[in-house]
Amino acid sequence: DSACILVPGGFGNRGTEGMILAAKFARENQVPYLGICLGMQISVIEFARS
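Below, the structure written as structure tokens:
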């Protein structure tokens, strides 16, 4: 059980789909989400896809 999800910055495509799944999980389950750098961009991508 976790209190929130933190997605840090990163480089390249490695792990991007997994980060998008984490953002989707946070949005659908109302879990607090903090995206730093690429992590914030990932949350926008996930929102646009939904």
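In UniProt numbering, the protein residues as written are 1 to 50.
Built from N, CA and C at the ideal position, the CB exists for glycine as well.
Q: Please go through the UniProt domain "Glutamine amidotransferase" (5–49) and give each complete beta strand (DSSP E) segment of 3 or more residues, from N-terminal end onward.
A: DSSP runs (the beta strand (DSSP E)) wholly in the UniProt domain "Glutamine amidotransferase" (5–49): 5–7, 33–35.
Q. Leu34 and Gly10: beta carbons closer than 7 Å?
A. Here residue 34 refers to the residue found at position 34 when the sequence shown is read from its first residue. Here residue 10 refers to the residue found at position 10 when the sequence shown is read from its first residue. No, they are not a contact pair.
Q | Beta-carbon gap between Met19 and Ile36 smaller than 7 Å | A | Locating residue 19 in the sequence shown gives position 19, counting from the first residue. Locating residue 36 in the sequence shown gives position 36, counting from the first residue. If you check the CB distance, Met19 and Ile36 do not come in under 7 Å.
Q. Looking at Val31 and Ile5, is the spacing between their C-beta atoms short of 7 Å?
A. Here residue 5 corresponds to residue number 5 of the sequence shown, with the count starting at 1. Here residue 31 corresponds to residue number 31 of the sequence shown, with the count starting at 1. The answer is yes: Cβ separation under 7 Å.
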